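The working numbering runs 4 ahead of the 1-based position in the sequence shown.
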Amino acid sequence: MSLNPSSNLDEIYNTLVNGAKEKIGIICLNHLVNYCTIEDLKQVIKEYDIPLSQKNDMTQLDYFKYICRYFYNYYFSNSQNQALYSDVLSYIGTMLLKNENFQNVLKMHDFITKKEMINAFCDWCADLGISAFDTSEIPEFSLDLYFTKKTPRLRTEAVFIRIGDEMNKNNYEYTLKLIQQSSKIAAWTVFVATPYGVHKIGLFKLIGDMERLNTWLYIVDPLEKRILGIVKGKKSKVYDEKKRDNYIKNLPREPIRAPSQVVKFSKYDLNYAESYKTSKFALFELLNEQEHNNLTNIPPSEPKYQNIFRNLIISDKEAGLPLFTLSAQTDQADQVLISGFMTAIDDFVSRIGGTSSMKEINYKGFIIQAAYGKNVKLALFLSEQADDILKERLAYFLKFFEQKYDKQIESFRKRGDTAIFDDEEIIPIVKYILDI
5 MSLNPSSNLD EIYNTLVNGA KEKIGIICLN HLVNYCTIED LKQVIKEYDI PLSQKNDMTQ
65 LDYFKYICRY FYNYYFSNSQ NQALYSDVLS YIGTMLLKNE NFQNVLKMHD FITKKEMINA
125 FCDWCADLGI SAFDTSEIPE FSLDLYFTKK TPRLRTEAVF IRIGDEMNKN NYEYTLKLIQ
185 QSSKIAAWTV FVATPYGVHK IGLFKLIGDM ERLNTWLYIV DPLEKRILGI VKGKKSKVYD
245 EKKRDNYIKN LPREPIRAPS QVVKFSKYDL NYAESYKTSK FALFELLNEQ EHNNLTNIPP
305 SEPKYQNIFR NLIISDKEAG LPLFTLSAQT DQADQVLISG FMTAIDDFVS RIGGTSSMKE
365 INYKGFIIQA AYGKNVKLAL FLSEQADDIL KERLAYFLKF FEQKYDKQIE SFRKRGDTAI
425 FDDEEIIPIV KYILDI
(Lines of atoms letter the chains of each structure in order from A and count residues from 1; the text may use other names and numbers.)
(Lines give C-alpha, C1' and ligand atoms only; values in the text may rest on other atoms or scores of the structure.)
Protein backbone atom coordinates (compact mmCIF):
# COMPACT_ATOMS: atom_id res chain seq x y z
CA MET A 1 0.00 0.00 0.00
CA SER A 2 1.37 3.38 -0.94
CA LEU A 3 0.24 6.41 1.07
CA ASN A 4 0.78 9.90 -0.22
CA PRO A 5 2.69 11.87 2.44
CA SER A 6 2.71 15.01 0.30
CA SER A 7 -1.08 15.47 0.19
CA ASN A 8 -2.07 18.92 1.36
CA LEU A 9 -2.74 18.86 5.12
CA ASP A 10 -5.24 21.71 5.13
CA GLU A 11 -7.09 20.37 2.09
CA ILE A 12 -7.68 16.97 3.69
CA TYR A 13 -8.54 18.49 7.06
CA ASN A 14 -11.06 20.88 5.50
CA THR A 15 -12.56 17.99 3.51
CA LEU A 16 -13.10 16.14 6.78
CA VAL A 17 -14.63 19.22 8.43
CA ASN A 18 -17.01 19.80 5.52
CA GLY A 19 -18.02 16.15 5.51
CA ALA A 20 -18.86 16.32 9.20
CA LYS A 21 -21.07 19.43 8.91
CA GLU A 22 -24.15 17.42 7.99
CA LYS A 23 -23.96 15.43 11.20
CA ILE A 24 -24.31 16.24 14.90
CA GLY A 25 -21.20 14.84 16.56
CA ILE A 26 -21.29 13.45 20.09
CA ILE A 27 -17.52 13.37 20.81
CA CYS A 28 -15.56 16.41 19.63
CA LEU A 29 -12.12 15.26 18.47
CA ASN A 30 -10.81 18.81 18.77
CA HIS A 31 -11.55 18.83 22.49
CA LEU A 32 -9.52 15.64 22.87
CA VAL A 33 -6.61 17.10 20.89
CA ASN A 34 -6.78 20.33 22.87
CA TYR A 35 -6.53 18.47 26.19
CA CYS A 36 -3.81 16.08 25.02
CA THR A 37 -0.16 16.97 25.42
CA ILE A 38 2.25 17.37 22.53
CA GLU A 39 3.94 14.19 23.77
CA ASP A 40 0.65 12.28 23.50
CA LEU A 41 0.33 13.33 19.86
CA LYS A 42 3.98 12.53 19.14
CA GLN A 43 3.37 9.05 20.51
CA VAL A 44 0.64 8.48 17.91
CA ILE A 45 2.93 9.88 15.20
CA LYS A 46 5.67 7.47 16.28
CA GLU A 47 3.34 4.48 16.68
CA TYR A 48 2.17 4.69 13.07
CA ASP A 49 5.44 6.03 11.67
CA ILE A 50 3.70 9.08 10.24
CA PRO A 51 6.10 11.26 8.22
CA LEU A 52 6.37 14.94 9.16
CA SER A 53 7.53 17.59 6.71
CA GLN A 54 7.33 20.28 9.41
CA LYS A 55 9.03 19.61 12.74
CA ASN A 56 9.53 22.92 14.52
CA ASP A 57 7.03 25.11 16.40
CA MET A 58 4.16 22.73 15.76
CA THR A 59 0.88 23.12 17.64
CA GLN A 60 -1.40 20.32 18.76
CA LEU A 61 -3.61 21.03 15.76
CA ASP A 62 -0.61 20.77 13.41
CA TYR A 63 0.20 17.29 14.70
CA PHE A 64 -3.46 16.34 14.53
CA LYS A 65 -3.63 17.32 10.85
CA TYR A 66 -0.78 14.92 10.06
CA ILE A 67 -2.61 12.17 11.95
CA CYS A 68 -5.84 12.93 10.08
CA ARG A 69 -4.09 12.83 6.72
CA TYR A 70 -2.48 9.49 7.52
CA PHE A 71 -5.72 7.80 8.55
CA TYR A 72 -7.65 9.51 5.72
CA ASN A 73 -5.32 7.99 3.13
CA TYR A 74 -5.31 4.65 4.92
CA TYR A 75 -9.11 4.53 5.01
CA PHE A 76 -9.58 5.18 1.30
CA SER A 77 -6.80 2.81 0.29
CA ASN A 78 -8.31 -0.12 2.19
CA SER A 79 -11.69 -1.53 1.16
CA GLN A 80 -11.98 -3.47 4.41
CA ASN A 81 -11.82 -0.26 6.44
CA GLN A 82 -14.52 1.27 4.25
CA ALA A 83 -16.72 -1.77 4.84
CA LEU A 84 -16.21 -1.72 8.62
CA TYR A 85 -16.69 2.02 9.20
CA SER A 86 -19.60 4.13 7.98
CA ASP A 87 -17.36 7.10 7.11
CA VAL A 88 -13.77 8.25 7.28
CA LEU A 89 -14.23 10.40 10.42
CA SER A 90 -15.61 7.40 12.32
CA TYR A 91 -12.47 5.51 11.36
CA ILE A 92 -10.15 8.36 12.42
CA GLY A 93 -11.91 8.82 15.76
CA THR A 94 -11.92 5.10 16.50
CA MET A 95 -8.22 4.75 15.70
CA LEU A 96 -7.35 7.73 17.92
CA LEU A 97 -9.27 6.26 20.85
CA LYS A 98 -7.35 3.02 20.55
CA ASN A 99 -4.46 5.05 21.94
CA GLU A 100 -4.46 4.81 25.74
CA ASN A 101 -3.61 8.48 26.26
CA PHE A 102 -6.46 9.69 24.07
CA GLN A 103 -8.87 7.32 25.79
CA ASN A 104 -7.77 8.59 29.20
CA VAL A 105 -8.39 12.18 28.09
CA LEU A 106 -11.91 11.25 26.98
CA LYS A 107 -12.57 9.36 30.23
CA MET A 108 -11.36 12.25 32.36
CA HIS A 109 -13.27 15.02 30.60
CA ASP A 110 -16.39 12.88 30.26
CA PHE A 111 -16.36 12.28 34.00
CA ILE A 112 -19.38 13.28 36.02
CA THR A 113 -20.51 11.70 39.28
CA LYS A 114 -23.77 9.78 39.32
CA LYS A 115 -25.28 12.38 41.64
CA GLU A 116 -24.19 15.27 39.41
CA MET A 117 -25.63 13.56 36.34
CA ILE A 118 -28.93 12.92 38.11
CA ASN A 119 -29.02 16.56 39.23
CA ALA A 120 -28.26 17.84 35.72
CA PHE A 121 -30.98 15.75 34.08
CA CYS A 122 -33.52 16.50 36.82
CA ASP A 123 -32.86 20.24 36.51
CA TRP A 124 -33.45 20.13 32.76
CA CYS A 125 -36.63 18.09 33.15
CA ALA A 126 -37.95 20.37 35.92
CA ASP A 127 -37.73 23.26 33.45
CA LEU A 128 -40.09 21.22 31.24
CA GLY A 129 -42.64 20.94 34.03
CA ILE A 130 -41.61 17.44 35.13
CA SER A 131 -41.29 16.33 38.77
CA ALA A 132 -38.43 13.93 39.57
CA PHE A 133 -38.59 11.39 42.39
CA ASP A 134 -35.63 9.59 43.96
CA THR A 135 -36.09 5.80 43.74
CA SER A 136 -32.86 4.72 45.42
CA GLU A 137 -34.76 3.28 48.40
CA ILE A 138 -37.10 1.20 46.21
CA PRO A 139 -35.36 -2.07 45.21
CA GLU A 140 -38.11 -3.18 42.85
CA PHE A 141 -37.29 -2.44 39.17
CA SER A 142 -33.96 -0.75 40.15
CA LEU A 143 -34.81 2.64 38.65
CA ASP A 144 -32.64 5.70 39.16
CA LEU A 145 -35.53 8.16 38.91
CA TYR A 146 -39.29 8.23 38.41
CA PHE A 147 -40.78 11.21 36.58
CA THR A 148 -44.36 12.46 36.73
CA LYS A 149 -46.23 15.20 34.90
CA LYS A 150 -49.90 16.18 34.65
CA THR A 151 -50.77 16.69 30.96
CA PRO A 152 -53.78 16.68 32.04
CA ARG A 153 -53.59 12.92 32.56
CA LEU A 154 -50.71 11.63 34.62
CA ARG A 155 -47.62 11.04 32.49
CA THR A 156 -45.02 8.75 34.06
CA GLU A 157 -41.45 7.91 33.07
CA ALA A 158 -39.03 5.27 34.38
CA VAL A 159 -35.50 6.69 34.13
CA PHE A 160 -32.13 4.94 34.04
CA ILE A 161 -28.92 6.96 34.41
CA ARG A 162 -25.50 5.51 33.54
CA ILE A 163 -22.21 7.39 33.80
CA GLY A 164 -19.40 6.41 31.43
CA ASP A 165 -17.59 4.28 33.97
CA GLU A 166 -20.70 2.11 34.43
CA MET A 167 -21.17 1.36 30.75
CA ASN A 168 -19.54 -2.03 30.42
CA LYS A 169 -21.12 -4.86 28.47
CA ASN A 170 -22.60 -6.72 31.45
CA ASN A 171 -24.03 -3.62 33.11
CA TYR A 172 -25.52 -2.43 29.84
CA GLU A 173 -27.17 -5.77 29.01
CA TYR A 174 -28.61 -5.91 32.53
CA THR A 175 -29.92 -2.35 32.15
CA LEU A 176 -31.74 -3.32 28.94
CA LYS A 177 -33.58 -6.00 30.90
CA LEU A 178 -34.47 -3.48 33.60
CA ILE A 179 -35.81 -1.05 31.00
CA GLN A 180 -38.00 -3.78 29.53
CA GLN A 181 -39.38 -4.71 32.96
CA SER A 182 -40.01 -1.09 33.99
CA SER A 183 -42.27 -0.48 30.98
CA LYS A 184 -45.03 -2.10 33.07
CA ILE A 185 -45.03 0.69 35.68
CA ALA A 186 -44.45 3.76 33.50
CA ALA A 187 -45.94 5.02 30.27
CA TRP A 188 -42.47 5.89 28.99
CA THR A 189 -38.94 4.66 29.62
CA VAL A 190 -35.84 6.88 29.45
CA PHE A 191 -32.14 6.01 29.21
CA VAL A 192 -29.44 8.62 29.84
CA ALA A 193 -25.72 8.12 29.08
CA THR A 194 -22.55 10.16 28.51
CA PRO A 195 -20.40 10.44 25.34
CA TYR A 196 -17.79 8.01 26.71
CA GLY A 197 -20.54 5.51 27.48
CA VAL A 198 -21.80 5.81 23.91
CA HIS A 199 -18.27 5.16 22.63
CA LYS A 200 -17.94 2.03 24.77
CA ILE A 201 -21.23 0.48 23.65
CA GLY A 202 -21.36 1.87 20.10
CA LEU A 203 -23.73 4.56 18.82
CA PHE A 204 -25.56 2.37 16.30
CA LYS A 205 -26.07 -0.44 18.82
CA LEU A 206 -27.31 1.99 21.43
CA ILE A 207 -29.78 3.59 19.02
CA GLY A 208 -30.97 0.20 17.79
CA ASP A 209 -31.55 -1.10 21.32
CA MET A 210 -33.46 2.00 22.41
CA GLU A 211 -35.65 1.97 19.30
CA ARG A 212 -36.40 -1.71 19.88
CA LEU A 213 -37.44 -0.96 23.47
CA ASN A 214 -39.33 2.24 22.48
CA THR A 215 -37.11 4.11 24.95
CA TRP A 216 -36.11 7.78 24.91
CA LEU A 217 -32.33 8.19 24.63
CA TYR A 218 -30.50 11.24 25.94
CA ILE A 219 -26.80 12.07 26.16
CA VAL A 220 -25.58 14.32 28.98
CA ASP A 221 -22.29 15.89 27.88
CA PRO A 222 -20.47 17.24 30.97
CA LEU A 223 -17.67 18.83 28.94
CA GLU A 224 -19.86 20.94 26.65
CA LYS A 225 -22.71 21.33 29.18
CA ARG A 226 -25.32 20.12 26.72
CA ILE A 227 -28.02 17.47 26.49
CA LEU A 228 -28.59 15.64 23.21
CA GLY A 229 -31.97 14.09 22.46
CA ILE A 230 -31.11 11.10 20.25
CA VAL A 231 -34.12 8.76 20.17
CA LYS A 232 -37.76 9.71 20.68
CA GLY A 233 -39.49 7.01 22.68
CA LYS A 234 -42.96 5.58 22.29
CA LYS A 235 -45.62 4.81 24.86
CA SER A 236 -45.29 1.40 26.47
CA LYS A 237 -47.54 -1.33 25.11
CA VAL A 238 -47.51 -3.23 28.41
CA TYR A 239 -48.15 -0.26 30.69
CA ASP A 240 -50.33 -1.33 33.63
CA GLU A 241 -51.95 1.49 35.61
CA LYS A 242 -52.59 -0.76 38.61
CA LYS A 243 -48.89 -1.72 38.80
CA ARG A 244 -48.02 1.94 38.28
CA ASP A 245 -50.20 3.00 41.21
CA ASN A 246 -48.69 0.34 43.46
CA TYR A 247 -45.20 1.56 42.58
CA ILE A 248 -46.11 5.22 43.10
CA LYS A 249 -47.25 4.42 46.65
CA ASN A 250 -43.61 3.68 47.50
CA LEU A 251 -42.24 6.97 46.17
CA PRO A 252 -41.05 9.67 48.60
CA ARG A 253 -43.71 12.22 49.52
CA GLU A 254 -41.72 15.02 47.94
CA PRO A 255 -39.77 15.05 44.64
CA ILE A 256 -36.06 15.81 44.59
CA ARG A 257 -36.81 18.33 41.86
CA ALA A 258 -40.12 20.01 41.05
CA PRO A 259 -41.00 22.61 38.40
CA SER A 260 -40.71 26.27 39.33
CA GLN A 261 -42.81 29.11 38.01
CA VAL A 262 -40.02 31.66 38.44
CA VAL A 263 -36.64 29.90 38.38
CA LYS A 264 -34.84 28.13 35.52
CA PHE A 265 -32.80 25.29 37.02
CA SER A 266 -30.78 23.82 34.17
CA LYS A 267 -27.26 24.87 33.21
CA TYR A 268 -27.38 22.41 30.29
CA ASP A 269 -28.83 23.24 26.88
CA LEU A 270 -30.73 21.09 24.39
CA ASN A 271 -31.14 22.15 20.76
CA TYR A 272 -34.70 21.12 19.95
CA ALA A 273 -34.23 21.74 16.22
CA GLU A 274 -31.55 19.03 16.17
CA SER A 275 -33.18 16.63 18.61
CA TYR A 276 -34.62 13.17 17.89
CA LYS A 277 -33.40 13.14 14.28
CA THR A 278 -31.59 9.88 14.86
CA SER A 279 -29.97 9.62 11.43
CA LYS A 280 -28.36 13.05 11.89
CA PHE A 281 -26.17 11.93 14.79
CA ALA A 282 -22.61 10.67 14.47
CA LEU A 283 -20.17 9.56 17.13
CA PHE A 284 -17.47 12.10 16.23
CA GLU A 285 -17.37 15.82 15.52
CA LEU A 286 -14.62 17.87 13.86
CA LEU A 287 -14.24 21.65 14.08
CA ASN A 288 -12.69 24.00 11.58
CA GLU A 289 -9.43 25.73 12.48
CA GLN A 290 -11.04 28.91 13.82
CA GLU A 291 -13.47 26.95 15.98
CA HIS A 292 -10.59 24.83 17.27
CA ASN A 293 -8.58 27.92 18.22
CA ASN A 294 -11.62 29.35 20.02
CA LEU A 295 -11.58 26.38 22.40
CA THR A 296 -8.48 27.78 24.09
CA ASN A 297 -10.32 31.06 24.76
CA ILE A 298 -13.12 29.50 26.79
CA PRO A 299 -12.68 30.74 30.38
CA PRO A 300 -12.39 27.94 32.95
CA SER A 301 -15.15 27.65 35.54
CA GLU A 302 -14.28 28.24 39.18
CA PRO A 303 -13.52 24.93 40.93
CA LYS A 304 -16.31 23.99 43.32
CA TYR A 305 -14.07 22.72 46.13
CA GLN A 306 -11.13 25.11 45.73
CA ASN A 307 -11.85 27.03 48.93
CA ILE A 308 -12.02 23.98 51.20
CA PHE A 309 -9.09 22.03 49.70
CA ARG A 310 -5.91 21.98 51.75
CA ASN A 311 -3.80 18.99 50.77
CA LEU A 312 -3.81 15.65 48.96
CA ILE A 313 -1.43 12.83 49.84
CA ILE A 314 -1.15 9.65 47.76
CA SER A 315 0.83 6.93 49.51
CA ASP A 316 1.89 3.35 49.00
CA LYS A 317 -0.77 1.23 50.65
CA GLU A 318 1.60 -1.07 52.52
CA ALA A 319 4.74 0.94 53.26
CA GLY A 320 2.95 4.27 53.70
CA LEU A 321 5.57 6.15 51.66
CA PRO A 322 4.12 9.21 49.86
CA LEU A 323 4.44 9.09 46.08
CA PHE A 324 2.55 12.30 45.29
CA THR A 325 1.42 15.34 47.28
CA LEU A 326 -0.44 18.50 46.32
CA SER A 327 -0.92 21.47 48.65
CA ALA A 328 -3.09 24.55 48.47
CA GLN A 329 -1.68 27.94 49.39
CA THR A 330 -2.09 27.26 53.10
CA ASP A 331 -0.26 29.09 55.85
CA GLN A 332 2.83 27.70 57.58
CA ALA A 333 0.87 26.44 60.59
CA ASP A 334 -1.38 24.37 58.33
CA GLN A 335 1.63 22.90 56.56
CA VAL A 336 3.14 21.84 59.89
CA LEU A 337 -0.08 20.07 60.86
CA ILE A 338 -0.30 18.31 57.49
CA SER A 339 3.33 17.23 57.71
CA GLY A 340 2.65 15.96 61.20
CA PHE A 341 -0.08 13.77 59.83
CA MET A 342 2.46 11.81 57.80
CA THR A 343 4.39 10.89 60.94
CA ALA A 344 1.17 9.57 62.47
CA ILE A 345 -0.17 7.80 59.39
CA ASP A 346 0.09 4.31 60.87
CA ASP A 347 -2.04 5.41 63.81
CA PHE A 348 -4.47 7.04 61.37
CA VAL A 349 -4.83 3.80 59.40
CA SER A 350 -5.47 1.77 62.52
CA ARG A 351 -8.11 4.24 63.69
CA ILE A 352 -10.14 4.42 60.47
CA GLY A 353 -9.66 0.71 59.70
CA GLY A 354 -10.58 -1.22 56.58
CA THR A 355 -8.83 -1.44 53.26
CA SER A 356 -11.59 -1.02 50.71
CA SER A 357 -14.04 1.56 52.05
CA MET A 358 -13.83 5.33 52.28
CA LYS A 359 -13.53 6.76 55.79
CA GLU A 360 -13.51 10.18 57.36
CA ILE A 361 -11.62 11.53 60.35
CA ASN A 362 -11.17 14.87 62.08
CA TYR A 363 -7.45 15.58 62.56
CA LYS A 364 -6.50 18.78 64.41
CA GLY A 365 -9.11 20.91 62.68
CA PHE A 366 -8.85 19.22 59.29
CA ILE A 367 -11.47 16.91 57.84
CA ILE A 368 -9.56 14.06 56.20
CA GLN A 369 -11.37 12.00 53.59
CA ALA A 370 -9.55 8.72 52.99
CA ALA A 371 -9.83 6.18 50.20
CA TYR A 372 -8.11 2.83 49.69
CA GLY A 373 -7.25 1.25 46.36
CA LYS A 374 -5.44 -1.91 45.40
CA ASN A 375 -1.92 -0.50 45.81
CA VAL A 376 -2.28 3.10 47.02
CA LYS A 377 -4.25 5.07 49.58
CA LEU A 378 -5.36 8.68 49.45
CA ALA A 379 -5.79 11.27 52.19
CA LEU A 380 -7.67 14.41 51.16
CA PHE A 381 -7.34 17.25 53.70
CA LEU A 382 -10.26 19.69 53.77
CA SER A 383 -11.31 22.62 55.92
CA GLU A 384 -14.94 21.44 55.76
CA GLN A 385 -16.70 18.10 55.49
CA ALA A 386 -16.87 16.60 51.99
CA ASP A 387 -20.28 16.29 50.37
CA ASP A 388 -21.42 13.16 48.54
CA ILE A 389 -20.28 14.48 45.16
CA LEU A 390 -16.71 15.11 46.34
CA LYS A 391 -16.62 11.64 47.91
CA GLU A 392 -17.69 10.15 44.57
CA ARG A 393 -15.04 12.20 42.80
CA LEU A 394 -12.33 11.00 45.17
CA ALA A 395 -13.34 7.36 44.65
CA TYR A 396 -13.25 7.85 40.88
CA PHE A 397 -9.88 9.62 40.99
CA LEU A 398 -8.39 6.73 42.98
CA LYS A 399 -9.57 4.22 40.37
CA PHE A 400 -8.40 6.43 37.48
CA PHE A 401 -4.97 7.02 39.09
CA GLU A 402 -4.31 3.33 39.72
CA GLN A 403 -5.32 2.38 36.17
CA LYS A 404 -3.33 5.14 34.44
CA TYR A 405 -0.18 4.86 36.55
CA ASP A 406 -0.15 1.13 37.35
CA LYS A 407 3.38 0.64 35.94
CA GLN A 408 4.79 3.66 37.78
CA ILE A 409 3.16 2.52 41.04
CA GLU A 410 4.69 -0.92 40.67
CA SER A 411 8.12 0.60 39.99
CA PHE A 412 7.78 2.95 42.98
CA ARG A 413 6.95 0.03 45.28
CA LYS A 414 10.18 -1.65 44.23
CA ARG A 415 12.53 1.35 44.15
CA GLY A 416 10.85 4.18 46.08
CA ASP A 417 11.70 6.77 43.40
CA THR A 418 9.02 9.50 43.15
CA ALA A 419 10.71 11.01 40.07
CA ILE A 420 8.85 8.51 37.87
CA PHE A 421 5.63 10.45 38.56
CA ASP A 422 5.27 13.53 36.38
CA ASP A 423 3.75 16.23 38.59
CA GLU A 424 3.07 18.48 35.59
CA GLU A 425 0.87 15.74 34.14
CA ILE A 426 -0.77 14.61 37.40
CA ILE A 427 -1.67 18.00 38.91
CA PRO A 428 -4.16 19.03 36.16
CA ILE A 429 -5.79 15.59 36.43
CA VAL A 430 -6.15 15.96 40.21
CA LYS A 431 -7.58 19.47 39.91
CA TYR A 432 -10.01 18.52 37.16
CA ILE A 433 -11.43 15.33 38.67
CA LEU A 434 -11.58 16.59 42.26
CA ASP A 435 -12.77 20.04 41.10
CA ILE A 436 -10.29 21.84 43.36
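Glycine is no exception: its CB is placed at the ideal position from the N, C-alpha and C atoms. Just so we're clear, the structure is a prediction, and the values are computed from it rather than from any experiment.
Rounded C-alpha distance that separates residue 397 from residue 438 | 6 Å
Quick one: Cα of residue 260 to Cα of residue 393, how far?
-> 16 Å
Alpha carbon to alpha carbon, how far is residue 28 from residue 284? Give it in angstroms, no decimals.
-> 6 Å
Excluding the five sequence neighbours on either side, which residues of its own chain have a C-beta within less than 7 Å of the C-beta of residue 350, listed in chain order?
-> Because residue 350 carries a pLDDT of 49, less than 50, the predicted location of this residue cannot be relied on, and no value is offered for it.
In chain order, which continuous runs of the beta strand (DSSP E) of length 3 or greater are located wholly inside the stretch 185-247?
-> 192-197, 220-225, 230-235
How about residue 139 and residue 147: do their beta carbons lie closer than 8 Å?
-> yes
Apart from the five residues on each side of it in sequence, which residues of its chain come closer than 6 Å, Cβ to Cβ, to residue 204?
-> 171
Looking at C-alpha atoms only, which residue of 67, 168, 39 is the closest neighbour of residue 50?
-> 67
Consider the Cβ of residue 97: report whether some Cβ of chain D lies at a distance smaller than 8 Å.
-> Chain labels in this structure do not include chain D; a single protein chain is all it has.
Would you mind listing the beta strand (DSSP E) stretches within the stretch 100-177 that are 3+ residues and don't spill past its ends, in chain order?
-> 135-138, 149-154, 158-165
Between the C-alpha atoms of residue 186 and residue 55, what's the straight-line distance to the nearest angstrom?
-> 54 Å
Exposure of residue 302, with buried meaning 16 or more beta-carbon neighbours within 10 Å = exposed
Simplified DSSP assignment, three categories, for residue 259 = coil
Cβ of residue 78 versus every heavy atom of the ligand NAD: is any distance shorter than 7 Å?
-> Summarising the ligand content, the structure contains no ligands, and the ligand NAD is consequently not present.
C-beta atoms of residue 424 and residue 412 nearer than 8 Å | yes
Residue 164 and residue 183: beta carbons closer than 8 Å?
-> yes
Spell out a yes or no on whether the stretch 227-242 and the stretch 17-37 are touching, meaning 3 or more CB-CB pairs, one atom from each, closer than 8 Å.
-> yes
For residue 379 and residue 359, the rounded distance between their alpha carbons | Low confidence applies to residue 359: its pLDDT is 49, below 50, so where it sits in the model is not reliable enough to give any reading.
What is the DSSP secondary structure of residue 286, counted as helix, strand or coil?
-> strand
Should residue 443 and residue 131 be called a contact, given that it needs their Cβ atoms to be closer than 8 Å?
-> Given that the chain is displayed from residue 5 to residue 440, the structure contains no residue 443 and the question cannot be resolved.
Residues near residue 317 by beta carbon distance below 6 Å, same chain, minus five either side | 326, 329, 383
Quick one: Cα of residue 78 to Cα of residue 293, how far?
-> 23 Å
Following the continuous beta strand (DSSP E) through residue 54, name the residue where it begins and the one where it ends.
-> Unbroken run through residue 54: none, as it is neither H nor E.
So, residue 145 versus residue 129, is the Cβ gap smaller than 8 Å?
-> no
Assign residue 408 to one of three DSSP states: helix, strand, or coil.
-> helix
What residues are listed by DSSP as bridge partners for residue 373?
-> 364, 384
Tell me which same chain residues have a C-beta within less than 6 Å of the C-beta of residue 432, skipping the five on either side of it?
-> none
Flag this pair as yes or no: are the beta carbons of residue 103 and residue 48 separated by less than 8 Å?
-> yes
Inspect the beta-carbon positions of residue 290 and residue 24 and report whether they are closer than 8 Å.
-> yes
Same chain, Cβ closer than 8 Å to residue 299, five either side skipped, listed in chain order = 34, 35, 38, 291
Would you call the CB atoms of residue 188 and residue 247 closer than 8 Å?
-> yes
Give me the Cβ distance between residue 93 and residue 288, rounded to the nearest whole Å; I'm assuming they're in contact under 8 Å.
-> 5 Å
Would you please state the rounded distance, in angstroms, between the beta carbons of residue 223 and residue 202? I believe it to be under 8 Å.
-> 6 Å
Going straight from the alpha carbon of residue 118 to that of residue 245, what length do you get?
-> 30 Å
Using alpha carbons as the reference points, say which of 84, 409, 251 lies closest to residue 149.
-> 251
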